[in-house]
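Structure record follows, encoded as structure tokens.
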Amino acid sequence: MLKAVELSKRYEDGHLALDALNLEIKSGEIFFLLGANGAGKTTTINLFLNFIEPSSGQVLINDIDVVKNPLETKKYVSFVSENVMLYGNFSARQNLDFFAKLGGKKDLTKQDYYNVMRSVGLQEAAFEKKLKTFSKGMRQKVGLAIAIIKDADNIILDEPTSGLDPKSASELMQILINLKNTGKSILMCTHDIFRAKTVADRVGIMKEGRLVMLRDKEQFLTDDLEKIYLNYMQEAVMFNDTTSKI
Ligand SMILES: Nc1ncnc2c1ncn2[C@@H]1O[C@H](COP(=O)(O)OP(=O)(O)OP(=O)(O)O)[C@@H](O)[C@H]1O
Ligand SMILES: [Mg+2]
379 MLKAVELSKR YEDGHLALDA LNLEIKSGEI FFLLGANGAG KTTTINLFLN FIEPSSGQVL
439 INDIDVVKNP LETKKYVSFV SENVMLYGNF SARQNLDFFA KLGGKKDLTK QDYYNVMRSV
499 GLQEAAFEKK LKTFSKGMRQ KVGLAIAIIK DADNIILDEP TSGLDPKSAS ELMQILINLK
559 NTGKSILMCT HDIFRAKTVA DRVGIMKEGR LVMLRDKEQF LTDDLEKIYL NYMQEAVMFN
619 DTTSKI
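Here's what the structure looks like:
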């Protein structure tokens, strides 16, 4: 379970990037967070991962306070980013082995690593190749494989489909649905409204640090999600126009 309570972040330069966010993502749920560039999506993720500290409010993973128990909460969350940080001189399997051992999984075999790499759609020929020779999409698949091996209750993804070809993106979405069906809580930040419509259980739209819309599947399937999104963005433009005239 991922939970934010009145969560705010003001950066050192005074910019309020997140303004009193209240959000709960339950076990067995995929939540998509949409919003324009600079809306506060990555800030939200960074707070869940304890990469940055909140200015006020609380951030909880499995009901444990992330600020008070950062090491404990890290056990229960996996992170897949747009630019996965991996070791270039290690092979895909060696990267998996390194991160699995770091996460306390010490008895996995070569076959276990191969199976998980197959499950994310990485081609067999790449299993023993060095990461520095990989394309962005291949790297992301290794990142996802690491997240799956960790078997954490919560998975956070920051624009994971960016740079993936359509087939890989579609496979990634299927993997997320499978993970959700095993009871994981999944938070994914994205610009992909199309995937939100087909994959998400709930969708939120963030604008200028505030969660301005929250809808579940029934609500956004009957309404047009793209229209809703564009309306919110349009309002932002109108707002900016008025302020620039003042
Ligand atoms: N370290 C920082 N110091 C100051 N301001 C920051 C910092 N990091 C982010 N910001 C600002 O906070 C706001 C939110 O940024 P954030 O990265 O959370 O947006 P985002 O929704 O993830 O955008 P994108 O879709 O472009 O990834 C932006 O205005 C950004 O300039
Ligand atoms: Mg971002």
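Residue 494 in our numbering is what sits at position 116 of the sequence shown, and the numbering runs on without skipping anything.
Every residue gets a Cβ at the ideal spot worked out from N, C-alpha and C, and that includes glycine.
Annotation for Tyr389 indicates a beta carbon within 7 Å of some heavy atom of ligand 1. Spatial neighbours of Lys595 in its own chain (CB-CB distance under 6 Å, excluding positions within 5 residues in sequence) are listed in chain order as Asp579. In terms of Cα proximity to Ala470, the closest of Lys484, Val494 and Leu399 is Val494. The Cβ neighbour count for Leu565, taken over all protein chains shown within 10 Å, is at least 16; the residue is labelled buried. Of the candidates Val520, Leu592 and Ala382, the residue whose Cα lies closest to the Cα of Ala478 is Val520. With 16 or more neighbouring CB atoms inside 10 Å of its own CB, Glu537 falls in the buried class. At a cut-off of 7 Å, the beta-carbon of Asp536 counts as near ligand 2: some heavy atom of the ligand is closer than that. In this structure, the C-beta of Ala503 stays at least 7 Å away from each heavy atom of ligand 1. Annotation for Phe477: the continuous alpha helix (DSSP H) segment containing it runs Ala470 to Leu480. Contact annotation: Ile423 and Lys558 have beta-carbon atoms that are not nearer than 8 Å. Excluding the 5 residues flanking it on each side, Lys575 has same chain C-beta neighbours closer than 6 Å at Leu603, in chain order.
Closest option to Lys508, judged by alpha-carbon separation, among Leu464, Val437, Ala547 and Met584: Leu464. When DSSP states are grouped into helix, strand and coil, Ala395 belongs to the strand group. Residue state for Val458 is assigned as strand, using DSSP reduced to three classes.
One alpha carbon belongs to Arg588, the other to Val383, and they sit about 13 Å apart. Out of Ile533, Gln489, Gln472 and Lys514, the CA that lies nearest to the CA of Lys453 is found in Ile533. The beta carbon of Lys514 sits closer than 6 Å to those of Gly541, all from its chain and outside the five residues before and after it, given in chain order. Boundaries of the beta strand (DSSP E) around Ala382: Leu380 to Arg388. CA-CA distance, Val498 to Leu486, rounds to 17 Å.
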